[in-house]
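Under numbering that gives the first Met the number 0, the first residue of the sequence shown carries the number 0, and numbering increases by one thereafter.
C-beta atoms are modelled at their ideal positions from N, C-alpha and C, and glycine is treated no differently.
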Amino acid sequence: MKELFRRIRGSSTPGQFLLFICLLALLSFFVLLPILQVIYVAFTQNGRLTLTHFVNFFKQASLNEALWRSLWVGIIVVFFSSIISLPLALFTTRYNFKGRLIVQTLGVLPLVMPAFVSAIALQTILGRSGMINQIIRIFFGTTIPFMDGLTGVVLVQTLHYFPFILLNSVSALENSDLSLEEAGRNLGAFGWKLFHQITFPLMQPGYMAGALIVFIKSIDDLGTPLMLGYHKLLAPLAYQQITAINGNSTMGYVISVILVLLSLLSLFLALHYLKQSEYVQQKSGSSISRLQIFGWKGWTISGFCIILLTFCLLPHIGIFLMSIAKSWNFTVLPKIYTTTNFTRVFADAPKMILNTIVYAALAALIDIFLGAIISFILLRGKMLGRTILDFIATLPLAVPGVVLAIGYLRIFHTIDLPIIGKPLTETWLILVIVYAVRRLPYTVRSCYATLQQIHISLEEASKNLGANTLSTFTKIVLPLMLPGIVAGGIMAFISSSVELSSTLMLVPRNEMAPISYGIYLYMQETTGRGASASLGVIAIIIVSIGTYVVNRLSRHRGADKI
């Protein structure tokens, strides 16, 4: 027994090993246990293992259709996202043309707006009575159902998630060897032949990683279908099954398990392609400048990119106009502009804004604390089982928010807290915990990447001068990790501030609700669209500020690598 313990502990200090055990227990309780609880309910009946619930799932035509419809939506969203992303990635990395920097900046702007807010905005722009359809009605006397049914879901998700493919494809192209394409041109390969035979194979690992992330996001998305009133997909069906009868629907747990399996498979494939990207896409010593495009070719590329991105930024235009419109129905533009919507929000829902900041900030602080320690143990620890800790810390990336929320409801709804005297799910703490758990991978990865850049010789020198591990970590490692820690914390903050899927299921009472829940509530009112849009604008401002700070820190960190 002692020999086994010594092998597991490795060469780590007793303090490091104790910290490792505590972290493993903590993450297992708040990450693994809720997921295992969902899996347990889905695979058991009267305490016995069974596949009956899954057999019943596949026997129900409506649920079968929802599964295939969700997969189909994910594939279609990836397809249209690729159509947008690949030309933008190729043009901005391989050519110099007027407006290239503007195109690069606008290309990631859709990520600043939460997906469910995009759904609200696009209804105003492309809905039956929206701006575009009013123009079509004037000239052609008809309307086009852009936002009806699955079409609306695909459109919103495509315009929101395509930057994931764009960013990964751009990264792959920038890290590839341009001399290979130059050699292809010298041998007579141009246009489609060059792209098909040389450029795309070079960018394929990055592209596939981005495409699989888009697929995961699409099938896990709860807010967009709910905002558009379309419930025939897996995520909204799981939400309906659980909330309709107080969490006693086994079918809701079955759907959750299917969502987790699809997400895990997609995440595994994405990581696989990212590893390939690290191996294949290596620059040579020489670099070739971008091709200079002048004249009508340059203007054609610029015009194509600007038109494409203008369409992609329609949600931003729509949400802003809706927030300052007194009413906007059956007209191309609002007839009367007002600040009443913002006045109403600041009068009726100031606590939602405060709640959002408090919950997201607390979650970010928790993630900063845990992320820094976990990354240190993963890179500097010598005990066995570090990969298990890494897996559990990364797992929330592959678990839909609705699934984690269902697990939390199942576990914490019947357990009274010792001091408070009521279940955790009846307090706002449950939101802080679920936000921290869902965003923990962001801070772990950010801290891990920063720590990799810190040479271990600095820590060894500190220990040689008599400092212990704790002193070395707090006085040497932590200050050097600070840019990565802050960047990861802000990423956790901005993504938590617009979290909807787990929020919908775990908000105890309306007075404890954050902005994302307030947007959903206002949208249920016939006169609440303007107020909902105003809250959406506030959410965008919060996310934009956080994104700007992260970008500044990332540039600073890139300039000061150790």
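Practice prompt. Could you say which of Ser533, Ser81, Val107 and Tyr94 lies nearest to Trp298 if we only look at CA atoms?
Written response: Tyr94
Item to complete: Under the assumption that Ser496 contacts Ile541 (Cβ atoms under 8 Å), give the Cβ distance between them as a whole number of angstroms.
Response: 5 Å
Worksheet entry | Own chain residues within Cβ distance below 6 Å of Leu110, not counting five before or after | Pro162
Discussion item. Need the endpoints of the beta strand (DSSP E) that Ser326 sits in, please.
Written reply: Ala324 to Ser326
Item to complete: With a 10 Å radius around its C-beta and 16 neighbouring C-beta atoms as the bar for buried, classify Cys304 as buried or exposed.
Response: buried
Discussion item. Taking 8 Å as the cut-off, does the region 356-372 touch the region 458-469 (at least 3 CB pairs, one atom from each stretch)?
Written reply: no
Practice prompt. Would you tell me roughly how many angstroms separate the C-alpha atoms of Ile287 and Val436, rounded to the nearest one?
Written response: Its pLDDT being 46, under 50, Ile287 is placed unreliably by the model, and the measurement read from it follows with that caveat. Those two C-alpha atoms are separated by around 44 Å.
Worksheet item: Given a threshold of 16 other Cβ atoms within 10 Å of its Cβ, counted over all protein chains shown, does Lys474 qualify as buried or as exposed?
Response: exposed
Practice prompt. For Tyr336, write down the residues that DSSP places opposite it in a beta bridge.
Written response: Ala324
Discussion item. Among Leu258, Gly205 and Val548, whose alpha-carbon lies nearest the alpha-carbon of Leu66?
Written reply: Leu258
Worksheet item: Of all the options Thr413, Pro422, Pro417 and Ala486, which has the alpha carbon lying nearest to the alpha carbon of Arg444?
Response: Ala486
Item to complete: Check each candidate in Ser501, Asn463, Phe375 and Leu312 and name the one with the smallest Cα separation from Thr104.
Response: Leu312
Worksheet item: Once you ignore the five residues that flank Pro13 on each side, which residues in its own chain have a CB closer than 6 Å to its CB?
Response: none
Practice prompt. Output the distance between the C-alpha atoms of Gln280 and Leu172, rounded to the nearest integer angstrom.
Written response: Any reading at Gln280 must be qualified, since the residue scores a pLDDT of 47, below 50, and its modelled position is unreliable; no value is offered.
Item to complete: Mind checking which residues open and close the alpha helix (DSSP H) that includes Asn55?
Response: Thr51 to Lys58
Fill in: Exposure of Asp347, with buried meaning 16 or more beta-carbon neighbours within 10 Å
exposed
Worksheet item: Between Ile210 and the rest of its own chain, which residues show a CB-CB distance below 6 Å, the 5 nearest in sequence each way excluded?
Response: The sequence given here has Ala at residue 210, not Ile. The residues are Val77 and Ile164.
Worksheet item: With distances taken between CB atoms, is the gap from Ile119 to Leu125 smaller than 8 Å?
Response: no
Worksheet item: Which residue from Leu149, Trp427 and Ala397 puts its Cα closest to that of Phe411?
Response: Trp427
Practice prompt. Would you tell me roughly how many angstroms separate the C-alpha atoms of Leu201 and Val357, rounded to the nearest one?
Written response: 44 Å
Item to complete: Reducing DSSP to helix, strand and coil, say where Arg47 ends up.
Response: strand
Discussion item. Strictly by DSSP, which residues pair up with Asp415?
Written reply: Pro422
Fill in: Beta-carbon contacts of Leu261 that lie in its chain and below 7 Å, excluding the five residues immediately before and after
Ile218
Practice prompt. Count the other CB atoms, across all protein chains shown, that sit within 10 Å of the CB of Asp559; report buried if there are 16 or more and exposed otherwise.
Written response: Its pLDDT being 49, under 50, Asp559 is placed unreliably in this model, and the value from its coordinates should be taken loosely. Asp559 is exposed by the Cβ-count criterion.
Worksheet item: What's the C-alpha gap between Val332 and Ile135?
Response: Note that residue 332 is Leu in the sequence shown, not Val. Their Cα atoms are separated by approximately 14 Å.
Worksheet item: How is the alpha helix (DSSP H) around Thr355 delimited, first residue to last?
Response: Pro349 to Arg379
Worksheet item: Could you give the distance in angstroms between the alpha-carbon of Ser128 and the alpha-carbon of Leu31?
Response: 46 Å
Worksheet item: In or out: Glu498 buried (at least 16 other Cβ within 10 Å) or exposed?
Response: buried
Practice prompt. Reducing DSSP to helix, strand and coil, say where Gly284 ends up.
Written response: Its pLDDT being 44, under 50, Gly284 is placed unreliably in this model, and the coordinates cannot settle the point.
Practice prompt. Taking all protein chains shown into account, decide if Ser283 is buried (16 or more other Cβ within 10 angstroms of its Cβ) or exposed.
Written response: Reliability fails at Ser283, whose pLDDT of 48 lies under 50, so the model's placement of it is uncertain and no value is given.
Discussion item. Assuming Ile537 and Ile352 are in contact, meaning their beta carbons sit under 8 Å apart, how far apart are those beta carbons, in whole angstroms?
Written reply: 6 Å
Fill in: Nearest-angstrom beta carbon gap, Pro224 and Val152 [assumed within contact, 8 Å]
6 Å
Worksheet entry | Nearest residue (CA-CA) to Gly294, options Tyr206, Phe96 and Asn45 | Phe96
Worksheet item: Buried or exposed: His159, going by 16 or more other Cβ atoms within 10 Å of its Cβ?
Response: buried
Discussion item. Which same chain residues end up closer than 6 Å to Ser265 when comparing Cβ atoms and leaving out the 5 residues on each side of it in sequence?
Written reply: Leu211, Phe214 and Ile215
Discussion item. Please report the straight-line C-alpha distance between Val415 and Leu48, rounded to a whole angstrom.
Written reply: Note that residue 415 is Asp in the sequence shown, not Val. Cα-Cα distance, rounded: 29 Å.
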